[in-house]
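Here's the structure, in structure tokens; my notes come after.
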Amino acid sequence: MIQEPDYETLAPVWKGWAVLCVFLFPATGGLLFGYDIGATSYVLNQLQSEDDSGVTWWHDVEKSSLIQGLIPSTDVAGALVGSIIVFKVADQIGRRREMQIAAVLYLVGAIFEMVSSNSSWGAGLGLTVLFAARFLYGIGCGFAMHGAPTYIAEMAPSEIRGTLVALKEAMIVVGMVLGYGIGFFLQHQSGAWKFTYGASIPLAVFMLVGVTALPPSARWLAITGRIEEARASLNYVYSQGADDILSDIIEQIEAEKTRVATLGGQAASLFDARYRKCLVAGVGVVFLQQVTGQPSILYYANTIFKEAGMSSYAAVLTGVFKLFATLGSVVLVDKYGRRFLLFVGVSVMLVALVVMTATFAGYETSDDDSGDDAVNLDWRTVTIIIGMFAYIGGYQLGFGPIAWLLISEVFPLEVRGQAVAFAVQNNFAWNLVVSLLYPVLIDSFGTAFGDEYKYCAGFGIFAVLTLYALVFIYRNVPETKGLSLEEIERKFCKDDGATYKADAEAGERDNSSLLGSNSVVQ
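Here the sequence shown stands for residues 26 to 547, where the numbers follow our numbering.
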């Protein structure tokens, strides 16, 4: 009788403390990105107040909508520039070096944001330093939002990879809530906005020291030919099975070299036909993440809630709710899979948008600008509140964490650096476009149809795009739950033109049972 080998003892065994470090230090880059969003929402209000700003140029900010728009958008513009730079250098410098650069830029940006608060400076110098500081901070965001998810995906054990990359999204929301909290606490103290920005300095130092102590990505080391360093990197994470994982990585690298030799030495390009399905799936999800209204609805949540007659303090509640919704995705992503959560989350978004479109139709918006009066809880107001939180919950369950997870998983190693950088470029570019166009779109609808229909039209457009997103997910997004990165490459990036459909439907059948098994039948 032949005894079956004990596969359980052969399975890789990872070290809990090492996996924690592999996640925590890179994810701090996401926390700092989110912190800036939360902090700036309060700093912008302080800079328009003579009593709270502590600077001589407060009136320049108060009277200029351009300056008010530039303060938050210079950060996004910097992030876009950072992602363009990363596209060129990612595969040369590696994931760890990207995160080190991000931490330094976060640190320098935060320091000069504080310096710009010098009360003796006029508007020219003060605003120039502030804009430059925020642009540098934004470049750091571009580096961090590429390096962190890629590093975590390449170093994390496959069975918890989805959870850890989703947790990175949760760290962004934690940063937002932290920024809201510190901003709220310091909002009426003269000149204290510099401390709101300055609170990110120790976090940037923590990130810099932490990522410097981590090994470079094993997969990046292997593709650059540093095999023994790659082995040491894997041994940092695994107490057993590192050699088998390394063998699988090398096998895929050798297969790519053979393919290149067959094509006469032509190196891999992100836009090669064999990567088309990966590119459509990854970048398509990032595009739809933005054009279904996320940046507009979240960035302008205060205004929308105020129009419903609510206090602007709703932004803090929104941040807390986002955090709990994201944690739900963290718990479920490796149990039910990426594709299933995208379907559920985007479906909830669609229902919420349809409900809010109908509710805002003919709705007389509030004239209360103070945001401090009691809310008139008529049926429309209650419906708008529920719809808004349902939309946020659906987004944080699906698009929020899953988009970043997919772009860090679906691309083969030889183009992963370029691919994730290209996806990050699209993320920030469409975020900027939608954020800038949304208020113009709403005002145009208000002029054309009356103020009582302006939000109705905006939500209606987002609803149509969200409906298309469901069709796109069904046709293009694969299920990657439980697969190693090398297995994903073999299954979804074949030269023979095989599509995602069979694997995606297999993952969907597995999810429909709601059993939550992590096992994958090969």
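Glycine included, every Cβ here is placed at the ideal spot set by N, Cα and C.
- Inclusion of D359 and E511 in the CB contact set at 8 Å is not warranted, their separation being larger than that value.
- For the stretch 177–234, the continuous alpha helix (DSSP H) assignments of 4+ residues that do not extend past its boundaries occur at 186–211, 218–223, in sequence order.
- Below 8 Å, too few C-beta pairs join the stretch 48–62 and the stretch 256–273 to call them touching: fewer than three.
- Per DSSP, reduced to three states, the secondary structure at Q73 is coil, with no helix or strand assignment.
- Cβ contact annotation for F484 (same chain, cutoff 6 Å, sequence separation greater than five): L378, M381, T382, in chain order.
- Annotation: the continuous alpha helix (DSSP H) that includes S258 extends over 252–262.
- Here H171 is buried. Its C-beta has 16 or more other C-beta atoms within 10 Å.
- Per DSSP, reduced to three states, the secondary structure at W245 is helical.
- Check the Cα spacing between Y162 and each of Q277, A104, E75, V202: the tightest is with A104.
- Taking C-beta separations shorter than 7 Å and ignoring five residues to either side along the sequence, the partners of F209 in its chain run Y67, V341, following chain order.
- Distance from E138 to R159 at the Cβ level is roughly 7 Å; contact confirmed, criterion being Cβ atoms closer than 8 Å.
- With a contact defined as Cβ atoms closer than 8 Å, G167 and Y60 miss out at about 16 Å.
- DSSP lists Q265 as the bridge partner or partners of V38.
- In this structure, the CA atom of V310 is about 36 Å from the CA atom of S89.
- Within the same chain, and ignoring the five residues on either side of D116 in sequence, the residues whose Cβ sits closer than 7 Å to its Cβ are G442, Q443.
- Note on the stretch 100–171: there is no whole alpha helix (DSSP H) run with a minimum of 4 residues.
- Just so you know, the alpha carbons of P426 and G147 end up roughly 42 Å apart.
- Distance from the CA atom of V129 to the CA atom of G471, rounded to whole angstroms, is 44 Å.
- Taking C-beta separations shorter than 8 Å and ignoring five residues to either side along the sequence, the partners of L56 in its chain run M196, I197, V199, G200, L203, L228, following chain order.
- Under the DSSP assignment, D468 falls in the alpha helix (DSSP H) whose first and last residues are 438–474.
- Take the alpha-carbon of A43 and the one of V262: they are about 5 Å apart.
- The C-beta of L45 has fewer than 16 other C-beta atoms within 10 Å across all chains shown, which makes the residue exposed.
- G151 places its beta carbon less than 8 Å from that of W82.
- Taking all protein chains in view, the Cβ of T343 is crowded by 16 or more other Cβ atoms within 10 Å, so the residue is classified as buried.
- Taking 8 Å as the cut-off, the beta carbon of L259 is found no closer than this to the beta carbon of I252.
- Contact check for Y176 against M232 fails: the beta carbons are separated by 8 Å or more.
- Ranked by how close their Cα comes to the Cα of K516, the residues C303, Y222, F365 have C303 in first place.
- Of the residues E434, T237, A127, the one whose Cα lies closest to the Cα of Y300 is E434.
- Check the Cα spacing between V236 and each of V47, V502, A181, I118: the tightest is with V47.
- In this structure, the CA atom of S354 is about 48 Å from the CA atom of S145.
- Taking a contact as a CB-CB distance under 8 Å, the pair A306 and P503 counts as one, their CB atoms being some 6 Å apart.
- Annotation for A454: L105 place their beta carbon closer than 7 Å to its own, counting only its chain and skipping 5 residues before and after.
- Leaving aside the five residues that flank I467 on each side, the residues in its chain whose CB is nearer than 6 Å to its CB run, in chain order, K479, G483.
- Using a 10 angstroms sphere on the CB of V449, the tally of other CB atoms reaches 16 or more, which defines it as buried.
- With contacts defined as CB atoms closer than 8 Å, T317 and T491 qualify as a contacting pair.
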